[in-house]
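Trainee: Would you mind keeping the following structure in view while I ask a few things?
In the numbering used here, the protein residues as written are 1 to 454.
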């Protein structure tokens, strides 16, 4: 069953029926709820216990404000049925429901629907959609004019009329080489900061305070005007010893000790430490709430190290080239009941492919109930390994294909096995797929794979 929309007539698990008048959060209740005005037949009023209000918060209205409303969860709704009621409804039902991914043109960003209904803060009653934006371009945290219909971080919440919102057809294309550049820049940042900190202490050396020593005011004690020769020798010893220690000892420690420790200890750990520590999943776990912890990724292990390719030359010499990920195309489901999907394409500048052809191939294989794993070929020889993953309930549905620079399918399959296992581990703790951040999950995995093999 698909999620119901506002004003849909629905049938519940106890065979009663009602009309959806509210979709969102409810005070003192956990999760998303559907506010229904129950219909009299099939005993619809038997379990009705609200007029749409909870405490001082009004969520929806019922006919004559009678307690013929009911709060239900998604699990209690069996199906959407044909309308047989004669309730007076305001406006036309927008085809949005909780969990939908949408695009907001006025904010030029995507968002997720968390609320659909008629809020109390409107000057004139009308339908609004409550959104959690992907970027902090909103004006609230879900609470507006003391009315709370959902919760999110401040500046990420926004209420819009349905005409200002459209379903998102999300496709993300990422230059896989930029992932490597960002990783390199992040590794260099702490070193540059250390150098700045070391160069900062010599700046306070020219202390102007000890030079103007008129503080003891030897001038007012001029009852002895004859000690002029005593004034002359004083500036001389002060002028001579100062330039000497500043010129001789200081340039020597700056030139000799600094370049030596910078070249030796920093260059060596970069080569030896990076391929071992970076693929570990501790960082993704700490940075991303929805990604797996280090203990959970133990089953997947570190990113696989692919077999390098060796080329023999005519003179008998050999050159070894690394094998690495060049293309990764994935399509994921962003809602466990709606047909909301998102495509993410990683592609290297040197190994460009038609990502749409790869996605079309995946779609054809999925619809044909093809084997869960296999090989697909595009553009007359570019070989990909693919995986089709669909849970029994289809809540965590996704499929992907990847290619390496040598077009070796077994090596590409190694990467997919790692990606699949790590992603499945991350999904174990996810109840509602719409809360899972696919982008960050795959970004972390692609980054780990590239670091391990480049």
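Every residue gets a Cβ at the ideal spot worked out from N, C-alpha and C, and that includes glycine.
Owing to the predicted nature of the structure, the values given are computational and were not obtained by experimental measurement.
Excluding the five sequence neighbours on either side, which residues of its own chain have a C-beta within less than 6 Å of the C-beta of residue 140, listed in chain order?
Mentor: Here residue 140 corresponds to residue number 140 of the chain shown, with the count starting at 1. If we look at residue 140 and ignore the five residues flanking it on each side, its Cβ neighbours are 157.
Trainee: Pick out whichever of 382, 380, 390, 350 has its Cα sitting closest to the Cα of residue 363.
Mentor: To locate residue 363, count along the chain shown from 1; it is residue 363. Closest option to residue 363, Cα to Cα, is 390.
Trainee: Can you grab the Cα-Cα spacing for the pair residue 7 / residue 89, in whole Å?
Mentor: Here residue 7 refers to the residue found at position 7 of the chain shown. Here residue 89 refers to the residue found at position 89 of the chain shown. Rounded to the nearest angstrom, the two C-alpha atoms are 8 Å apart.
Trainee: Does the region 342 to 352 come close enough to the region 420 to 433 that 3 or more CB-CB pairs lie under 8 Å?
Mentor: Judged by Cβ distances under 8 Å, the region 420 to 433 makes no contact with the region 342 to 352, as fewer than three pairs qualify.
Trainee: Would DSSP call residue 416 helix, strand or coil?
Mentor: Counting from 1 along the chain shown, the entry for residue 416 is found at position 416. Residue 416: helix per DSSP, three-state reduction.
Trainee: Could you work out which residue in 176, 177, 130, 150 is closest to residue 159 when comparing CA atoms only?
Mentor: In the chain shown, counting from the first residue as 1, residue 159 sits at position 159. When only C-alpha atoms are compared, the closest one is 130.
Trainee: Using the DSSP secondary-structure output, state which residues sit across from residue 172 in a beta bridge.
Mentor: Numbered from its first residue, the chain shown carries residue 172 at position 172. Paired residues: 344.
Trainee: For the beta strand (DSSP E) containing residue 23, name the first residue and the last one.
Mentor: Along the chain shown, read from residue 1 onward, the residue named residue 23 stands at position 23. Residues 17 to 24.
Trainee: Tell me where the beta strand (DSSP E) around residue 38 begins and ends.
Mentor: By one-based count along the chain shown, residue 38 stands at place 38. From DSSP, the beta strand (DSSP E) with residue 38 extends over 33 to 38.
Trainee: Can you tell me which of the three DSSP states residue 43 falls into?
Mentor: By one-based count along the chain shown, residue 43 stands at place 43. Three-state DSSP puts residue 43 in a helix.
Trainee: From what residue to what residue does the alpha helix (DSSP H) around residue 357 run?
Mentor: Within the chain shown, residue 357 is the residue found at index 357, counting from 1. Where residue 357 is concerned, the enclosing alpha helix (DSSP H) stretches over 355 to 367.
Trainee: For residue 5 and residue 326, I'd like the C-alpha separation in whole angstroms.
Mentor: For the purposes of this step, residue 5 is taken as residue 5 along the chain shown, with counting starting at 1. For the purposes of this step, residue 326 is taken as residue 326 along the chain shown, with counting starting at 1. Cα to Cα, residue 5 sits roughly 42 Å from residue 326.
Trainee: If residue 42 and residue 9 are in contact, beta carbons under 8 Å, what's the gap, nearest whole angstrom?
Mentor: Counted from its first residue, the chain shown places residue 42 at position 42. Counted from its first residue, the chain shown places residue 9 at position 9. Not really, about 12 Å apart at Cβ, beyond 8 Å.
Trainee: Secondary structure at residue 6, three-state DSSP: helix, strand or coil?
Mentor: Counted from its first residue, the chain shown places residue 6 at position 6. Three-state result, residue 6: coil.
Trainee: Just to confirm my understanding: we take residue 462, look at its own chain, exclude 5 residues before and 5 after, and list those with CB closer than 6 Å. What are they?
Mentor: Only positions 1 to 454 of the chain appear in the structure, and residue 462 is not among them; the question remains open.
Trainee: May I ask you to check if the CB of residue 316 is nearer than 6 Å to at least one heavy atom of the ligand SAM?
Mentor: In the structure on display, the ligand SAM does not appear, and there are no ligands present to speak of.
Trainee: Give a yes or no on whether 7 Å exceeds the smallest Cβ distance from residue 361 to chain B.
Mentor: Among the protein chains of the structure shown there is no chain B, as only one such chain exists.
Trainee: Three-state secondary structure (DSSP) at residue 443?
Mentor: Locating residue 443 in the chain shown gives position 443, counting from the first residue. Reduced to three states, the DSSP call for residue 443 is helix.
Trainee: Residue range of the beta strand (DSSP E) that residue 115 falls in?
Mentor: For the purposes of this step, residue 115 is taken as the residue at position 115 of the chain shown. Residue 115 -> beta strand (DSSP E) spans 109 to 117.
Trainee: Using only alpha-carbon positions, find the residue among 26, 434, 419, 410 that is nearest to residue 447.
Mentor: Reading the chain shown from its first residue, position 447 is the one you call residue 447. When only C-alpha atoms are compared, the closest one is 419.
Trainee: Can you tell me where the beta strand (DSSP E) holding residue 389 begins and where it ends?
Mentor: Your numbering for residue 389 matches position 389 in the chain shown. Unbroken beta strand (DSSP E) run through residue 389: 382 to 389.
Trainee: From this set, 25, 382, 399, 40, which residue's C-alpha is nearest residue 86's C-alpha?
Mentor: To locate residue 86, count along the chain shown from 1; it is residue 86. It is 40 whose Cα lies nearest to the Cα of residue 86.
Trainee: Would you identify the three-state DSSP class for residue 51, choosing helix, strand or coil?
Mentor: The sequence position of residue 51 within the chain shown is 51, counting from 1. It is coil, neither helix nor strand.
Trainee: Assign residue 100 to buried or exposed, taking buried as 16 or more other Cβ atoms, counted over all protein chains shown, within 10 Å of its Cβ.
Mentor: Counted from its first residue, the chain shown places residue 100 at position 100. Residue 100 is buried by the Cβ-count criterion.
Trainee: Tell me which same chain residues have a C-beta within less than 6 Å of the C-beta of residue 173, skipping the five on either side of it?
Mentor: One-based indexing of the chain shown puts residue 173 at position 173. Around residue 173: 345.
Trainee: Decide yes or no for the touch test of the region 299 to 308 against the region 406 to 419: beta carbon pairs closer than 8 Å, at least 3 of them.
Mentor: The region 299 to 308 is in contact with the region 406 to 419.
Trainee: Just mark residue 311 as buried or exposed, buried being the case when its beta carbon has 16 or more other beta carbons within 10 Å.
Mentor: Taking the first residue of the chain shown as position 1, residue 311 is located at position 311. It is exposed - the Cβ of residue 311 has fewer than 16 other Cβ atoms within 10 Å.
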